[in-house]
Every structure is written in C-alpha cells, then in structure tokens.
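In this note's numbering, the protein residues as written are 1261 to 2165. Scroll down for the structure; my scribbles are underneath it.
Structure, rendered in structure tokens:
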C-alpha cells in the first residue's frame, strides 16, 4: 500500500473508525461520509432505515468497542456498496491512467474496505465482484420506480416515473403518449455514463443540475441518449449500478428477456415469483386466500370463488392451513391455466388418451396443420424438444404440457416461418415490386419543429426501407445541408447523411437503395453534392451495363444488389456543364402550398402541371449525373399518365402528393395501373400533414404504385400495415406485385375486378385468448376492472374485399376468454390483402384498444395457430385458419364494408 502513496495504517484506521462511528448513530435513518486526503476529496452516501449522516469529525469522539457480530455483518454488507462504486470507477479508469493519484486512492480504499469486511468474518466479499444483495437492492428500487426528469434538446425536461419491468428486461416510463412503446430494452443498452457528459446536458447552463444527480443511458444501434436527472445522488447511483449489472448479465432475471417461447409452457411461469412477492402483503412468504384473489385480479382473471377455493385446497398440500407456498402456488397456477381448448384438441387425435404418440402427432400435423412430408423422426424430435416429462420422452409420447408448449411455439405461429427470409423471385424488373419507402427520412417528429438526425437513416435502412429522402438546401461555407425547407426543423450536413447511408445501406440486405433527392441548391453546391456522392458512394453508383439509355425495362433487384440509385429532377437542358449559376429544382414535397413559399422558374415550370413531378433514376442531369451519361429523356407531365405506357422511358419516375395521386386513382385508375407496370411512381404525404401522420398506403398499392412513402417516425396503424406488407418477403424492402398488376389491365375499384381469377374464401375460427392485458392507456392500471374482450378481424385490400367481422364480448376474463366463433371473408385478389387481428375491451360508452397483429394474407399458415399481439410479450389469440378457392359466382359469399357473415364449419 505504501507503494501507492498512502500508508497502510491510515487506510485501516479509516475503515475501522468509519464502522465504529456508524455504530454510534445506529438509531438514525441514513448515512454518508467524506474523506479528504491531500488535495483529493471523496464522498459517498446512501440511505437506509437505520443510519444518519456523519463526517470525519466523529473520529475525535470517544468510541465504544462493543459491537455485535450481527452489526459487523450488516456493516460489511453496506461497505460492499462502496466497493461496488470503487470497482465500477476502476473498471473505467485504470490505475495507470492520467489521473493516477486519484485512481490510487480509489484502489487503496477498495482494498481497505475489503480487508475490513474479511476481518469481520463476513463471507459477502471474497473478491471485488458485486454482492448479490447489492444487485437485488438496486433491482428492488428500480422496479418500485423513481421519479426523474427526462431532458430533451430545446426543452426544460419532463418529469416521468421510470421503472424496471417485472422481467428485468426493459426500462419503462409513464406517463407517455407512446404507451407500450415507451420502453428501452436492456439488450439495447450500450453504456451508462454518470454526470453531465452528453450533448443534451451540455446544452443546459452550467449549474442547472447537480452532476451527481445526472446520468445518461446510451441505447440502440445508433447510440441514442436518454438523459436523466434524479432528485438526489443516491438514486442516480442506484440506477447506474443496477443498469451496469444488467448490461453485464449479472442478474439471473435478465436471461428471462431472452427466453424462447418454445420452452415456455405457462406464460406467467417466468415471473410467477415476482407476482407472488407483490401479492404477499405481510412478507411471510405465504399467500392466503384473500391475497390469491387480489393476485388473480391483477392477472386479469375472474374465476368463481368456489372454483378458486377448490383449486386452493388441492394445491395446499402441507401443514400450512389456508396458505400457499411458492411451490404450491405454482401447482395452483398450473391447474388454473390448463388449456381446455388444447386438451380437447389433443384428445380428438389421441383416441381419448391424455397424450399423443408419434404417429398420432404426425396425423394431426398432416390433417390440421397441412404440413407435408411429416416423418416419424420429425415427430420424435418434437417430442424430445417440447415434452417436459422425462418418462414421456422415453416412451415417445407427448402429454398435454408438451403439446401446449409445441402449440405456443413459433412453429405454430400464424405467420409463415419461411417468410422470415427472402422467398420471392427477385429477378423481375423494379417496376414489378412494391418498395418500402420513407418520407422526409431525416425528421424525428413533426414537420415543423422537430429535429433532423442522421440516425434516422441508419434506423430505417436497417428496418428494411429501400427508398429514403434527402432534401438538399444551400448551407453556410458552401456546405449543402439537409432540412425541411421553410420550417423550424434543425439542419444536418449532406455529407453526414451520405456517410450514414453508405455505412448502413446494406447491413441487413444487399438489395438496392434509392435516394430520393429533393434538390434546392445553387449550382456550386450541387457540384459539392456530386463530389460527395462520387467520393463516398463510389462504385455503389456504377450500374455498368445493368441499365443504360436504350433499356426497355428496369433492371431487377437481384442485378442491382449493393447498388444505390439516385432519383431527382434534371436541371434545364440549356445549362452548360461549366455554368456557375442557375435555378434550383422545384419542391416535390409541398406542391399543394408551394406558391406561398417559393419563387417559380417560369421558363421551366410554365408547361408543367402541378399534379406530378418528373424524376429520373440514376443518374440525373449534369452535376448530379455522377457515373453515367445523360440517358434520360424528358417526359411531358401533361401526358404522364395518359400515354406513359407507350412513350415513357422506364427510367422516369413520377412523384405525386397523396392529394394529386388520389385524383388519379379516382379518375384514371386503369391508366395509372398500366403506367406502374413499366415505370416507378412515388407517393408522398400531403404537406398539410404537419404532425407527420400517414395516409393509408393500401389505396396506392391497389393501383401498383411502388414507392409509397410514409413517415417512419410515426408509429400507428399505417406503419403496421407497411410492416406487414414487406414481412411477406423477409422484410427486405421489396415485395413482388401480383401477376395481374404486372401485366394486363383491370379496374381495381369495380365489384368484380378479375372475373376469370379464382376468389379465395378465408374462414377464421376465433377460439380463445390468452393473457390479454388491460388496455395500455387504462387510467386505473392493475386496479381497474377486468377487461371484457372481443376480437375484430379486418380485411384490407381491394375496395371490394375490405370488410370487418367481430366476435361476441366475453365478460370479465382477460386471462383465458373463449369465443369459439367463425368469421368468413371472400377475397377477389388475396395477394394484395392484409388481415388485421384486433383485440378490444368492451365498455358501455365505447371500446378500448388492447392490441393488434397484422399479417399479409399470403403469410397466413393453415390450421390451429396462435396470433401473438404485436409488442406484447405473451398476449395471444388462438384461431383456426382455412382457405378455399371459389370459382365463378356460384356459392360466392360476398362481404360488404361492415357486414359480418358467418358460415358453419
């Protein structure tokens, strides 16, 4: 120790005096201490019901040496908090670092306290590894919740209650308009820093917040920051310590977040211990009948008291009269959660036995699940994987518990597991695909005041988006900027945007990315744009022989793998290549209100209709014509739809606002459809959607529009439809259009758009629900009434196919409601249809949204399937899916917009 610059005697005397002084103030409620050595000072504090604060002045008092063993043990436990602090500091500040003297003091203190705890006979600290009780104490505080200020750029901060969820898998806060999305998963955490270190903190004046109360959580793929301020340093220290342990995987509970549903027979099995702990009001480790009733209410279960009492008595197997231990409650829960629907299904294929043999399981998979090539070996593998009883495994049979696990696994999910990967033909022209597209990609919020971030490009590209928008404006010092013009949104440099796109474009898939460039720059800054594109993107822009001036059709996504296409307006042809001044191009995102905001170039625009904007694909003219020659010829906008299929160049892209596009859909649907068979069209939200809301993309998908751009930053129904649309092909951002939309002609808005095309009849049997929670915006939370759920199924596709159906309401049962009802729908073009499952809580004055799952019709799996609600861990509905072809008009079951049709199966 002397080699570190501090005598050993000083370190030991500090530890010993600290413990004795602490004993003298044993009757108080908190404690803290400070230590000054030379020019270095150190302080530490925490609260507990037994201690109060003290300082070094206590060293001069007379001290009693009569300390009990229990007190020494308690003190050594509290000193482990200090050791954890020292350990965390030293992990991030090596002893040989620049602050060597300070680091040596921490190491000395760490070794002294460890020595003291060892002398006390405590087995809590045998190394610098954190103690389990420290973790549990932090977890308990975090799960109870802490009120903190959430700082945001340009605002004074929002007071929110932050808490660790019951699985210890994510941080949540309330209140929040994001509802269930207001969370950060532990898996996504990158690092946690203390003090005022982030950019957000630096934007606030020095002295605004106590640095000891400040910390920042960095999370996500793009290092987003959550900047928090607590009311006292101890709360900040608790959260920092707890989060670092969770990040390091120290908490056993953390693994629960990564559990697979395939091995989870009972949904609440993983958090039963947490719930029983919450229900155990007197803390005796036992649950009485009243506590059981309260727990069932929290779990959204309403069972008759007589049935609860009967199961309680069966589970209460020991000498404890009228109480259940944790193990007994597990037995109680197992009885309560027995799935009657699955049990009857098993009995139907097992000749009334309580198990399935391998042959009986194969029969079930072939007949009900429509699985092909089912072998005995496959069935034995299923039994080995899902059966819980070793005895049953040895006999080669699957009991009800194993069958429940199997039916809840991804194998029996409603979504086709093969569609998690690219499964469609990727060698068709680009015009034959729907392409996932983003509008004003750089914005994080509304269209007027929100921030612009390069992180948004990284996020949407990794989420499967293949067309992003870049709005270029003149910036200071000759540097082009990206921003939403004529608004108060912030700016980012064009160079940083292109660097981000270059980095993240092809991380998750190699299919081409389209840059939709909206160019408002002067000629000189357009030259700078071209330089950045050449330098940063390089060979990604070089199409080689893939596409040239004389091409009769667009290349395929497969041929363009790893390539970036540029879509933008051409400069006027009369400008020479060495020109230094010129007009900027028109705005393609505000054509409804552009007259109020910008000057018009009469020479360029006088012959152009405002209904659409003429764009070209890679590359456009002059300075932005980066790699190839000028192969695009201008297309008269007045003829853009009427004669595009005969005269248009495949490389021309037409860009429409939703208002203009809707006029075309209403009056020129068939012509619009023909245009989209050879060329690309892009639809973007109206300029009046200043809140960044989204239109219904299905309207434009119905006429074959490829680039239907949405505000990705706005979660909701429309983005849910968009995700479902592209999940059908592995979420790669390209989904093949149906054959009738790629060749031929039809009117998607008539009652029978394809007379020779076979219709599909979709029959859904809504059987039951599992673990349906209270609505996320419930005012009373767990204390509210048990929900009265019903299921609504909506078909979204061609207008003739759009309809809804719903089940009856089941009163007071969110745990295991049973409907056993059939819904039937007839689809004229099933390939473009989406099936949306919604769960609602019935209320006398309306209904509350519980959850949803949207799946493309082509991704539905036949047979008995679970539909897991999006964003909810275990909530699901159990259904049976069957699809039949219908030819001609005989027997066709027509579904109107709001009429529900039942059929008997």
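Ideal placement from N, C-alpha and C gives every residue a C-beta, glycine not left out.
Rounded Cβ spacing between residue i and residue j (contact assumed at less than 8 Å)
i: residue 2047; j: residue 2110; result: 7 Å
i: residue 2019; j: residue 2087; result: 6 Å
i: residue 2003; j: residue 1937; result: 7 Å
i: residue 1450; j: residue 1479; result: 6 Å
i: residue 1778; j: residue 1730; result: 7 Å
i: residue 1642; j: residue 1666; result: 6 Å
i: residue 1692; j: residue 1412; result: Actually they do not touch by this definition, with Cβ atoms about 44 Å apart.
i: residue 1925; j: residue 1960; result: 7 Å
Reduced DSSP category for residue i - H, G, I as helix; E, B as strand; rest coil
i: residue 1425; result: coil
i: residue 1570; result: helix
i: residue 1642; result: helix
i: residue 2103; result: strand
i: residue 1965; result: coil
i: residue 1613; result: coil
i: residue 2051; result: strand
i: residue 2062; result: coil
i: residue 1775; result: strand
i: residue 2023; result: strand
i: residue 1921; result: helix
i: residue 2016; result: coil
i: residue 1903; result: Model confidence at residue 1903 stands at a pLDDT of 41, short of 50, so the residue's coordinates are unreliable and nothing is read from them.
i: residue 1790; result: helix
i: residue 2031; result: coil
i: residue 2093; result: coil
i: residue 1328; result: Below a pLDDT of 50, predicted positions are generally treated as unreliable, and residue 1328, at 34, falls in that range; the measurement from the model is reported next regardless. In this structure, residue 1328 counts as coil in the three-state DSSP scheme.
i: residue 2204; result: Since the first and last residues shown for the chain are 1261 and 2165, residue 2204 lies out of range.
Proximity winner among the options, relative to residue i (alpha-carbon distances)
i: residue 1707; options: 1637, 1719, 1972 and 1504; result: 1972
i: residue 1701; options: 1567, 1607, 1722 and 1682; result: 1722
i: residue 1396; options: 1711, 1622 and 1505; result: 1505
i: residue 2014; options: 1999, 2026 and 2024; result: 1999
i: residue 1782; options: 1628, 1559 and 1738; result: 1738
i: residue 1591; options: 1570, 1605 and 1606; result: 1570
i: residue 2032; options: 1979, 1940, 1442 and 2112; result: 2112
i: residue 1796; options: 1950, 1774, 1761 and 2021; result: 1761
i: residue 1696; options: 2068, 1992, 1673 and 2082; result: 1992
i: residue 1718; options: 1759, 1689, 1751 and 1686; result: 1759
i: residue 1909; options: 1826, 1962, 1825 and 1812; result: 1812
i: residue 1442; options: 1788, 2036 and 1501; result: 2036
i: residue 1461; options: 1487, 1473, 1436 and 1447; result: 1487
i: residue 2063; options: 1740, 2093, 2118 and 2115; result: 2093
i: residue 1638; options: 2012, 1656 and 1649; result: 1656
i: residue 2116; options: 1675, 1642 and 1458; result: 1675
i: residue 1556; options: 2067, 1933, 1606 and 2045; result: 2045
i: residue 1699; options: 1776, 1398 and 1600; result: 1776
i: residue 1477; options: 1436, 1432, 2081 and 1491; result: 1432
i: residue 1684; options: 1735, 1816, 1621 and 1609; result: 1816
Buried versus exposed, by CB contacts within 10 Å (16 or more), residue i
i: residue 2057; result: buried
i: residue 1595; result: exposed
i: residue 1577; result: exposed
i: residue 1632; result: exposed
i: residue 1400; result: exposed
i: residue 1598; result: exposed
i: residue 1416; result: exposed
i: residue 1880; result: Note that residue 1880 scores a pLDDT of 36, beneath 50, so its modelled location is shaky and nothing firm can be said.
i: residue 2071; result: exposed
i: residue 2105; result: exposed
i: residue 1679; result: buried
i: residue 1800; result: buried
i: residue 1452; result: buried
i: residue 2026; result: buried
i: residue 1726; result: buried
Check: residue i C-beta below 7 Å from any heavy atom of the ligand PLP
i: residue 1488; result: The ligand PLP is absent from the structure shown, which contains no ligand whatsoever.
(request) Spell out a yes or no on whether the region 1392-1410 and the region 1489-1498 are touching, meaning 3 or more CB-CB pairs, one atom from each, closer than 8 Å. (result) yes
(message) Across the region 2091-2106 and the region 2044-2063, are there enough close Cβ pairs to call them in contact, namely three or more that are closer than 8 Å?
(response) Cβ pair count under 8 Å is three or more, so yes.
(message) Can you confirm whether the region 1709-1726 touches the region 1744-1752 when touching is taken to mean that 3 or more C-beta pairs between the two stretches lie within less than 8 Å?
(response) yes
(message) Would the region 1770-1789 count as touching the region 1811-1824 if we require 3 or more Cβ pairs under 8 Å?
(response) yes
(message) Whether or not the region 1940-1948 and the region 1961-1978 are in contact is what I'm after, with contact meaning three or more pairs of Cβ atoms, one per stretch, closer than 8 Å; do they touch?
(response) yes
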